Amino acid sequence: MAHEREPLLIAHLYPDLLNTYGDRANVLALVQRAAWRGIPTRTLTATVDDPFPREAEIVCIGGGEDGSQVVVSADLVRHRDTLQELVAEGLPLLAVCGGYQLLGTEYVTGSGRSIRGIGLVEARTVWESRRSVGNVTLCCNALPIGTIVGFENHGGRTYLSPGAQPLGRVLHGKGNNGRDRSEGIIQNHCIGTYLHGLLPKNPQLADWLLLVALRRRDGPQVTLQTLDDRLEWAAHRAAMRA
Amino acid sequence: MRTGHRATTLPGAIALRVAPRLPAELGDGIASKILITGTNGKTTTAALLAAILKQFGRSLAHNRGGANLPSGITTALIEAVTRKPACEAAVLEVDEAAFAAVCSTLRPHLALVTNFFRDQLDRYGEPSTTVALVRRGLQALPEASIAVLNADDPLVASLGPVMGLRAVWFGFEPSGPVATTPDDSPSDVTRCPCCQAPLHYHHRFYAHLGWYVCPSCGFGRPVPQVSVQRAPTGSQQSLRLRVTTPRGAALVHVPSRGLHNAYNAAAALAAAYTCSIPLHQAASAVSNEEPEFGRMRWTAAYGRRLCVGLVKNPVGLGQVMQIVVEDPSPDKAVVLFLADRAADGRDVSWIWDADLSMVTAAQGSFRRIVVSGQRALEMGLRLKYGGVETDRISVQRDLLQAIGLATRSVPPGAPIYLLPTYSALLALQSILARVPRGEAVGPWRTSASRF
Ligand SMILES: [Zn+2]
């Protein structure tokens with residue numbers, strides 16, 4: 018297949034601030050899984066005060082410390098309209114933990130203060146003192162990709178608006194709020210989730226993001242060459258048992 | 006609580022149950038008390054400082070081997086005060102989360118903070134949470150106490166303005182053409198801890214340690230009283246440091262490698278300076294002190310040379326792997342052991358934040374790369390996505406079998422690096438005590454699964 022023309026542009030937002038929980042792994046997984054198929058990529062980074070990389074074909078946002086999250090939330094407002102427009106047009110976006118919370122409509126802090134989110138996804142987060150920490154397995158019913166595994170470590174409890182679609186149903190762990198067994202959100206091709214260490218051991222999800230991006234650019238005939246993912250799936254199963 | 010070293014924690018744990026005031030009472034009788042906390046380097050810095058003080062024949066309370074929670078600290082105090090001659094000084098490493106409580110109980114004369122890196126986020130929370138916990142400890146210090154602080158770490162430096170606290174700073178000088186960290190390598194700190202503006206670095210030594218200044222609020226690296234520079238060394242196995250204090254300078258030989266170990270030596274020498282110990286005496290004690298078990302100390306097993314180094318956070322893993330890659334032997338093997346028990350930190354995603362580009366670049370120089378432990382496959386994936394070819398990666402979950410596999414892969418006398426997370430480090434100590442040092446057929450049988 019001829020992908021040689023232009024590199025696929027992967028934007029990593031706030032890599033210097035939302036960088037505490039190994040979410041670099043997601044960008045690395047997209048880059049490598051494209052490279053192993055001969056698809057060139059280029060990673061764009063943008064942080065506070067930078068212009069939004071409009072040409073991006075996949076966007077990744079990670080999780081960070083509370084202090085960093087406040088800084089990012091103040092800056093992210095600048096990109097609200099751009100992001101809303103791009104996600105409505107089908108841009109694939111993956112936001113993890115703090116990044117996920119910031120995409121929602123509202124975040125209520127420990128002191129009861131309400132911080133308005135950019136409202137990209139129909140989710141609202143309320144801080145609780147007891148953190149949800151541990152390995153998570155979920156059954157992804159939003160996409161035909163089976164189970165998803167990762168590690169959660171968050172104080173916020175996230176509640177989806179009626180009608181919003183969770184990424185999956187929690188089989189093991191806490192997920193969005195520890196109450197309704199939902200985890201994450203998927204809205205068009207925009208995914209929010211609490212799971213860290215995500216894409217390398219969920220290669221089916223990484224490939225879904227790549228495929229969405231490539232089809233958006235090159236047309237619906239694009240398919241992805243199969244890779245040797247034995248190590249990935251073995252790690253996936255080890256995480257399910259953990 | 007850290008599991009597995011009951012002998013070093015059990016007496017203290019029992020004592021704390023029946024007599025919670027005991028540590029304070031034991032501590033009251035000790036003339037000079039030094040507490041050491043921070044993310045990396047506690048154990049090594051405490052061992053170096055203990056070696057310095059022992060030169061003077063001082064009887065010490067010292068919690069060896071990382072037993073740094075109140076139970077382990079109390080055990081060390083009980084042992085020391087029941088010994089003859091009576092204990093004169095205490096050198097105690099303290100877990101960051103326990104630091105505030107231990108400070109108010111023991112009322113130390115000196116408190117040393119090595120550095121702050123992200124570490125076991127599920128146990129400690131985010132780095133800023135750890136900084137706040139340590140700040141609370143420093144605020145609880147008696148008025149005459151002195152804090153010995155790492156000037157090169159902006160998070161440690163942000164502790165400086167604690168009210169009324171006297172501080173002695175230590176830090177590095179860039180030496181000639183230093184191998185500086187590339188600007189895009191992962192760092193836990195990119196923003197000013199005071200105002201959140203981007204920090205500007207004149208020099209970055211490793212991770213976020215370096216010469217920094219905040220262009221926005223003026224926060225910057227304090228000028229250290231104890232300043233250290235790397236001097237050239239002819240040896241592959243050691244460091245030479247030029248140490249300058251207001252009371253004179255000296256060349257110090259450190260029998261271990263890696264910039265993080267240079268920082269450990271600098272920290273111990275800064276504490277010794279604060280205790281008014283002559284620099285040349287402190288320097289000679291440091292020169293004679295071999296690394297602690299699990300801190301890149303060499304041992305022998307099955308006729309091979311074994312180097313054991315604990316890895317527990319991204320920065321530590323990167324530092325240790327740098328040492329491994331710099332080993333010029335063409336026959337080396339490495340075993341990376343990753344577990345997710347409580348003592349290791351349940352979250353293994355931290356490995357994705359370690360800079361392992363040097364391993365990728367040098368992958369051809371390994372006879373074998375083995376991943377081991379319950380989460381061996383996650384470590385395997387880390388290497389694969391970092392660019393290491395999968396047929397170079399062997400998976401063997403069982404630690405003893407993994408050591409066997411590495412041993413069979415290299416000729417007698419060749420170096421094997423064993424890099425475990427915490428729970429396996431404790432297991433290794435007893436395993437290595439049992440295995441023959443000379444060449445022998447190992448107990449292993451299986452071969453690794455390969456991908
Ligand atoms: Zn500042």
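So the sequences go chain by chain: E and U. Add 17 to the 1-based position in the first sequence for the working numbering, that's all there is to it. Add 5 to the 1-based position in the second sequence for the working numbering, that's all there is to it. Ideal Cβ placement from N, Cα and C applies to all residues, glycine included. Computed from a predicted model, the values in this text were never measured in an experiment.
- The beta carbon of I41 of chain U sits closer than 6 angstroms to those of K47, T50, A51, E98, L117, all from its chain and outside the five residues before and after it, given in chain order.
- Checking the 7 angstroms criterion, the Cβ of S221 of chain U is within range of a heavy atom belonging to ligand 1.
- When distances are taken from the beta-carbon of A202 of chain U to the heavy atoms of ligand 1, the shortest one is below 7 angstroms.
- For the C-beta of K389 of chain U, the chain E residues within less than 9 angstroms are, from N- to C-terminus, Q49, P217, L248, E249.
- Distances from the CA of V376 of chain U to each of U:A290, U:T365, U:L388, U:G369 were compared; the closest alpha carbon is that of U:L388.
- Look at N219 of chain E here: in three-state DSSP terms it is coil, with no helix or strand label.
- By the Cβ test, the segment 403-412 of chain U is in contact with the segment 432-439 of chain U, since at least three Cβ pairs between them sit closer than 8 angstroms.
- CA-CA distance, V87 of chain E to Q182 of chain E, rounds to 27 angstroms.
- Around the beta-carbon of N158 of chain E, fewer than 16 other beta-carbon atoms lie within 10 Å, marking it exposed.
- Checking the 7 angstroms criterion, the Cβ of F168 of chain E is out of range of every heavy atom belonging to ligand 1.
- Leaving aside the five residues that flank G77 of chain U on each side, the residues in its chain whose CB is nearer than 7 angstroms to its CB run, in chain order, T13, T14, G17, N68.
- Contact annotation: in the segment 351-368 of chain U, residues whose CB is within less than 8 angstroms of a CB in chain E are R351, D352, V353, S354, W355, I356, W357, D358.
- Distances taken from the Cβ of F298 of chain U to the heavy atoms of ligand 1 include none shorter than 7 angstroms.
- Closer than 8 angstroms to the CB of Y31 of chain E there is not a single CB belonging to chain U.
- Within its own chain, the residues whose Cβ lies closer than 8 angstroms to the Cβ of E394 of chain U, once the five positions on either side in sequence are excluded, are Q368, listed in chain order.
- Residue burial is scored here from C-beta neighbours: L244 of chain E has fewer than 16 other C-beta atoms within 10 angstroms and is therefore classed as exposed.
- CA-CA distance, N36 of chain E to P179 of chain E, rounds to 31 angstroms.
- For a Cβ distance threshold of 9 angstroms, nothing in chain E lies close to G378 of chain U: the least Cβ distance comes to about 10 angstroms.
- Between the C-alpha atoms of V239 of chain E and R54 of chain E there is a straight-line separation of about 13 angstroms.
- Assignment of F61 of chain U by DSSP, reduced to helix, strand and coil, places it in the coil class.
- Chain E places a beta carbon closer than 8 angstroms to that of D345 of chain U, counting this residue as a contact.
- With a threshold of 7 angstroms, the Cβ atom of F121 of chain U does not count as near ligand 1, since no heavy atom of the ligand is closer than that.
- Relative to the non-hydrogen atoms of ligand 1, the Cβ of C207 of chain E never comes closer than 7 angstroms to any of them.
- Annotation note: the segment 249-309 of chain U contains the following uninterrupted beta strand (DSSP E) runs of length 3 or greater, listed N- to C-terminal: 253-259, 300-306.
- Under the 8 angstroms criterion on CB atoms, L386 of chain U is classed as interfacial with respect to chain E.
- With the criterion set as a beta carbon lying under 7 angstroms from some beta carbon of chain U, the members of the segment 181-213 of chain E are H213, in sequence order.
- The shortest C-alpha to C-alpha distance from T87 of chain U to any of U:L284, U:D352, U:G378, U:L31 is the one to U:L31.
- Placement of the Cβ of C77 of chain E at a distance of 7 angstroms or more from every heavy atom of ligand 1 is found.
- By alpha-carbon distance to C200 of chain U, the top candidate from U:P220, U:T135, U:A149 is U:P220.
- Between ligand 1 and F224 of chain U, a heavy atom-to-CB distance of less than 7 angstroms is present.
- V166 of chain E sits close to A256 of chain E, with the two beta carbons spaced by under 8 angstroms.
- Leaving aside the five residues that flank L111 of chain U on each side, the residues in its chain whose CB is nearer than 6 angstroms to its CB run, in chain order, G32, K38.
- When the Cα atoms are used, A272 of chain U and A288 of chain U turn out to be separated by approximately 12 angstroms.
- At a beta-carbon threshold of 7 angstroms, the residues of chain U lying near Y38 of chain E are L126, S354, ordered along the chain.
- Between ligand 1 and the CB of C280 of chain U, the shortest heavy atom gap is not smaller than 7 angstroms.
- In this structure, A411 of chain U sits away from D336 of chain U, with a CB-CB distance that is not shorter than 8 angstroms.
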